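Chains as they are written, first to last, in our numbering: chain A, 167 to 270; chain B, 167 to 270.
This report concerns only the one structure given below.
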């Protein structure tokens with residue numbers, strides 16, 4: 167994928183996670199959502215730290231310990247490892263493109 | 167800086183490099199250019215690998231060993247460590263916002 171905003175998946179029944187880069191201590195993913203919340207049950211509880219930015223659209227990340235963070239285009243957020251969280255909302259009317267950098 | 171596309175520096179006489187995240191094996195920077203080329207002399211020759219994406223505007227990266235890669239909004243590029251390169255052009259008419267992830 168040469169352009170992060172192009173070639174968006176046409177089937178968005180499920181959220182789509184696409185690897186962009188994989189290195190020893192870092193990996194980068196494009197995540198495309200449209201009205202999805204995730205995970206379906208419970209919380210993400212990740213081994214890696216995550217830095218995420220919304221490239222297009224809008225979404226909300228809820229932390230188990232609070233707060234709830236609403237992200238519009240250009241907004242970014244760091245999610246420390248094991249900081250339990252979920253995507254509690256993404257815009258149902260348009261595609262949301264996230265860029266996520268996971269690191270150790 | 168909460169939003170990567172907001173709070174752009176008003177003084178763009180020089181290119182502006184702003185740290186977003188600094189961790190053991192990865193650091194993330196916002197780079198704002200407007201007609202700049204860099205470095206002023208010679209080539210970047212970096213210890214770290216770099217993954218870069220254009221968030222806004224347009225720019226061109228020239229590798230010493232070729233090729234020259236033109237990047238528009240959403241286009242991304244990986245620059246391996248010690249792969250000598252320079253920014254040979256950025257749009258002089260509008261601001262170019264780069265997001266750069268440096269990693270070991």
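Just so you know, even glycine gets a beta-carbon here, dropped at the ideal spot from N, CA and C.
All values derive from a computational prediction rather than experimental measurement.
Short CB-CB distance (under 7 Å) between residue i and chain A
| i | result |
| --- | --- |
| residue 198 of chain B | no |
Own chain partners of residue i with C-beta closer than 7 Å, once the 5 adjacent residues on each side are dropped
| i | result |
| --- | --- |
| residue 211 of chain A | 248 and 250 |
| residue 205 of chain A | 252 |
| residue 243 of chain B | 218, 227, 235 and 237 |
Within chain B, the residues that residue i reaches when beta carbons sit closer than 8 Å
| i | result |
| --- | --- |
| residue 168 of chain A | 241 and 242 |
C-beta neighbour in chain B for residue i, strict 7 Å
| i | result |
| --- | --- |
| residue 178 of chain A | no |
| residue 217 of chain A | yes |
| residue 261 of chain A | no |
| residue 220 of chain A | no |
CB contact below 7 Å: residue i versus chain D
| i | result |
| --- | --- |
| residue 182 of chain A | Looking at the structure shown, chain D is missing, and the protein chains on hand are A and B. |
Under 8 Å by beta carbon: chain A residues contacting residue i
| i | result |
| --- | --- |
| residue 171 of chain B | 239 and 240 |
Contacts that residue i makes with chain A (C-beta to C-beta distance below 9 Å)
| i | result |
| --- | --- |
| residue 270 of chain B | 189, 190, 191 and 192 |
Residues of its chain near residue i, where Cβ-Cβ distance is below 6 Å and the 5 sequence neighbours each way are ignored
| i | result |
| --- | --- |
| residue 182 of chain A | 175 and 198 |
| residue 241 of chain B | 220 |
Partners in chain B for residue i, counting only beta-carbon separations shorter than 7 Å
| i | result |
| --- | --- |
| residue 227 of chain A | The premise fails here: residue 227 of chain A is roughly 14 Å from chain B at the closest Cβ pair, so nothing lies under 7 Å. |
Sequence-distant residues of its chain with Cβ nearer than 8 Å to residue i (five each side left out)
| i | result |
| --- | --- |
| residue 261 of chain A | 174, 178, 198, 199, 200, 222 and 223 |
- Message: Suppose only complete runs of 4+ residues qualify. What are the alpha helix (DSSP H) ranges in the region 179 to 204 of chain B, listed by chain order?
- Response: none
- Identify each residue in the region 238 to 258 of chain B for which the Cβ-Cβ distance to at least one residue of chain A is less than 8 Å, and report them in chain order. When CB distances to chain A are screened at a threshold of 8 Å, the residues of the region 238 to 258 of chain B falling below it are 238, 239, 240, 241, 242 and 244, in chain order.
- Query: Which full runs of the beta strand (DSSP E) of 3+ residues lie inside the region 229 to 257 of chain A, going along the chain?
  - Reply: 234 to 238, 242 to 245 and 251 to 256
- Task: Scan the region 188 to 213 of chain B for residues whose Cβ lies nearer than 9 Å to a Cβ of chain A and list them as they occur along the chain.
- Result: 189, 190, 191, 192 and 194
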